[in-house]
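All remarks here apply to the structure that follows.
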Amino acid sequence: MQPISRRVFLAGAAAIAIAACSDDARPAADGTGAPGATEPGSGASTTAAATTTDEPTTSTAAPVELPGDPFTIGVASGDPDARGAVLWTRLAPDPLNGGGMPADDVPVVWEISATPEFTEVVASGTETATVQHGHSVHAVVPLEQGDWYYRFRVGGYTSLVGLTRPAPAAGTDVAEARIAAASCQHYESGLYAAHRDIAEQAPSFVVWLGDYIYEGAGSANADPADRTHLGPEPTTVEEYRNRYARYKTDPQLQASHAACPWFVIWDDHEVENNYAGLAPQEPADAAGFQERRFAAYQAWWEHQPVRLSPPTGAADEYRIYRDAQWGDLVQIALLDGRQYRSDQACGDVALSLEPACPEASDPARTMLGDEQEQWLLDTLGASAATWKLIGNQVIIADATFNEAVLNYDQWDGYQAAREQLLQSFADAAIENIVVLTGDIHLAAVAQLRAGDRAAGPNVGVEFVTTSVSSGGLVGEELTDVLKTFPNLIDAELAHRGYSLHTVTPQQWTADYRIVTDVASADSEVTTFGTYLVAAGSNTVTKAP
Ligand code: FE
Ligand code: CA
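Under my numbering, read the sequence shown as residues 70 to 613, first letter to last.
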C-alpha cells in the first residue's frame, strides 16, 4: 500500500521545497556535510554533481544538438528520505558504444507531476550531465509525502516516466510497507520476468543486494541483437559503462526501476568475481587492480540512483554503507561486504568437503571492517523503528557442512566476525533484525542464532533471495541436504526470482516469488513459499 495519500503541491509548496533544497546545501552541523562531500546517511542530500536550482518550469537552457534519443537506458529513483529522493538517468544515444554524446557538459531538465500524463508540472529544475561522469544525472529532488511522477527532458527528447516517493519521516506510524529484494541478474543467463513482476507488484521500494552486472567477457563475435555480453571483461570506466548500458537497455529492468525508488548496494561482480578489498580474485592480477576497482566504482555510481558523491580516487575509500528509515516501521542499514573484508581464507576453494583450515576461524579476519561494524551496531541500537532491515551481500547464516566450509566467500569464511556480530545483537538486545541477502542464486530462509546454530538464542532472521536470472551455483540435488541444517527453515534451488516482503508493525511476511521459465520474458511468476516473523519473536516459520 502507499503509506500516505498523495498531496498535490500548492503554489507555495514548490517554493518551500526549493528552500528545503537550499537548506540541504548548507554544511551539516558537524562540519562534515559540505556541499560535494555528502556524509552518507547523515540526511544531507547534496552531491557535487547533484545540485538543484529554481529554474522555471519552461527551461531557458540553451538548445542542445544530440545525435539521437539520449534516453535509451531508462530512468530510476533511489535513496528516498523524508524530504525527497534522487532521480537518475544517463544520456546515451549510442549506449553500447561509449554513449555517443558530444564532448560537452549538458543541462538536463527534470520535472515532477502528480499524474503520469504530466498535466501539471509542479516542480522542475536542471542538472548538469557531465562528460567526466558519462553524462549521468543525479538530481536530489525535494518531494512532499506521497507518490510523484518524474521525467527528464533534453534537446527535444523526453524520457519515459518513473514513479517515486519520499520515505515516511521518522516518528511517523506506517501501517504497511511492501519491499522487493533482488540480486544477481546475469544478462546472458536469462530474461527479466522477475523485474516485470516487481513492477506489477508496485512495492513501496526495492532493495538491490548486488551483482547488478557480471564482468565476464562476451563471445568474440557476439551479435548485439543476441542476449550476450559485448566486449572484453571490463577494466576501464568506458568498458564498465558499456556493460551497465547493456543491462539497462532491458525494458523489464527499466520498468522495475521506474516503478518505485530503489536502495542499491553492490557485491563482487560489479567489479570482479570474489574480489576482497584490494585483492583481486587471482593474485596474479594485482597490478592495476586498484585502478580497475576505481573505474568499476565510478561506473557503478554513474548508473545507480544513489545519494552519494562519486568516488574520488583509486587510493581512496569509497563509502557506500549507509542507513535509511521508512517511518517508524523499518530501519534500513545497507552494508558493504566487499571493500573492507579480509581476503578469502584457505585459498578460497569452492565446494571443498575437507575440514576448513584454521585461517577461516581467525578472529583477526573481518567482513565489514571495525568502523562499519560499529556503525551498524550504533545505527540499529539507536533506532526506534520496529524492524531492522540489513541489506547484506553474502549468506550470514551458518552453512558449514560438518567441518567443511562450502563457500569461503560467505560469512562461513569469516566465522569469528560472524559470531561476534550476532552476539553483539544479543548483547545489545536489538530486536526484530531481518537480514536480506543475495549472491548465491538460491532461495533460503534461515534462523539466525547467537552461539550454537542449533541451540543458541534467536537473534534474527535471514531471507536469502534467489537470483533474478543468474544460473544456480549449487546443484538442485542439494536442496534436501540444506533442509537438514538445523538453522535453515527452507530452501529452493531450482528457480530464479526475488522476494517480496509485506511488513506491518505486527508481522513480517516474506513471499518467495519464482519464475517458471527464466528463458521467457513473459514467464509466469508465482509464490513458492510464504514465511512469517511475528514482531518481538525473532523467529521465522513457514506459513501453512
Ligand atoms: Fe551473483
Ligand atoms: Ca556475488
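Glycine included, C-beta positions come from ideal geometry on N, C-alpha and C.
From a predicted model like this one, the values you see are computed outputs, not experimental measurements.
Is residue i near residue j, with beta carbons less than 7 Å apart?
i, j, result
"A236", "P149", "yes"
"L667", "G287", "Since the first residue shown for the chain is 70 and the last is 613, residue 667 is missing from the structure and cannot be characterised."
"P139", "P162", "yes"
"E519", "P526", "Inspection of the sequence shows that residue 519 is occupied by Ala rather than by Glu. Yes; because the gap between Cβ atoms is below 7 Å, this pair is in contact."
"P424", "E386", "no"
"E531", "V504", "yes"
"R296", "P303", "no"
"V418", "V375", "no"
"T535", "L511", "yes"
"L403", "A246", "no"
"E522", "D467", "In the sequence under discussion, the amino acid at residue 522 is Arg, which differs from the Glu named in the question. Yes, they are a contact pair."
"A172", "W157", "no"
"L491", "V463", "no"
"S258", "S589", "no"
"H255", "Y283", "yes"
"A151", "A238", "yes"
"L562", "V543", "yes"
"L475", "L420", "yes"
"T448", "D392", "yes"
"W61", "V275", "Given a span of 70 to 613 for the chain in the structure shown, any question on residue 61 remains unanswerable."
"A345", "R410", "yes"
"V133", "V223", "yes"
Is there at least one non-hydrogen atom of ligand 1 closer than 6 Å to the beta-carbon of residue i?
i, result
"C60", "In this structure the chain extends from 70 to 613, so residue 60 is not present and cannot be described."
"C253", "yes"
"S606", "no"
"S205", "no"
"S539", "yes"
Under a Cβ-count criterion, where at least 16 other Cβ atoms within 10 Å of its own Cβ denotes burial, should residue i be classed as buried or exposed?
i, result
"L557", "buried"
"P427", "exposed"
"T506", "buried"
"V550", "exposed"
"G608", "The amino acid occupying residue 608 in the given sequence is Thr; Gly does not appear at that position. Result: exposed."
"G382", "exposed"
"A208", "buried"
"N290", "exposed"
"K317", "buried"
"Q441", "buried"
"K552", "exposed"
"E339", "buried"
"A353", "exposed"
"P320", "exposed"
"E189", "exposed"
"P164", "buried"
"I301", "According to the sequence displayed, residue 301 carries Pro and not Ile. Flag for P301 reads exposed."
"D508", "buried"
"L445", "buried"
"G540", "exposed"
Under 7 Å Cβ to Cβ from residue i, same chain only, skipping five residues before and after it: list those, please.
i, result
"G450", "A497, I499"
"A604", "T455, N501, P574, Q575, Q576"
"L232", "D216, Y218, A327, A328, C329"
"V584", "A262, A263, H564, R565, G566, S592, V594"
"R159", "I142, G203, H204, S205, V206, E371, H372"
"P185", "Y218, V230"
"F624", "Since the first residue of the chain shown is 70 and the last is 613, residue 624 is not available in this structure."
"A453", "D397"
"G240", "D397"
"Q394", "A236, A239, Q400, I401, A454"
Can you find the residues in the same chain that come closer than 8 Å, C-beta to C-beta, to residue i, ignoring five residues on each side of it along the sequence?
i, result
"P380", "F363, Y366, Q367, W370, Y387"
"N343", "D337, Q350, Q413, D417, D478"
"T227", "F140, R220, F221"
Take residue i and list the residues in its own chain whose beta-carbon comes closer than 6 Å to its own, dropping the five residues that flank it on each side.
i, result
"V602", "V530, W577, V609"
"G599", "The identity of residue 599 in the sequence shown is Thr, whereas the question assumes Gly. D580, A612, listed in sequence order."
"E196", "V177, V206, A208"
"Y483", "R434, M436"
"L458", "V399, I401, V503"
"Q323", "G143"
"L260", "A590"
"W570", "The identity of residue 570 in the sequence shown is His, whereas the question assumes Trp. Contacts found: I248, A579."
"R265", "Q321"
Hey, is residue i close to ligand 3, as in C-beta under 6 Å from one of its heavy atoms?
i, result
"Y261", "What this structure holds is ligand 1 and ligand 2, not ligand 3."
- Item | Those residues, in chain order, that have a beta-carbon closer than 5 Å to some heavy atom of ligand 2 | Qualifying residues come out as D280, D336, D337, D508.
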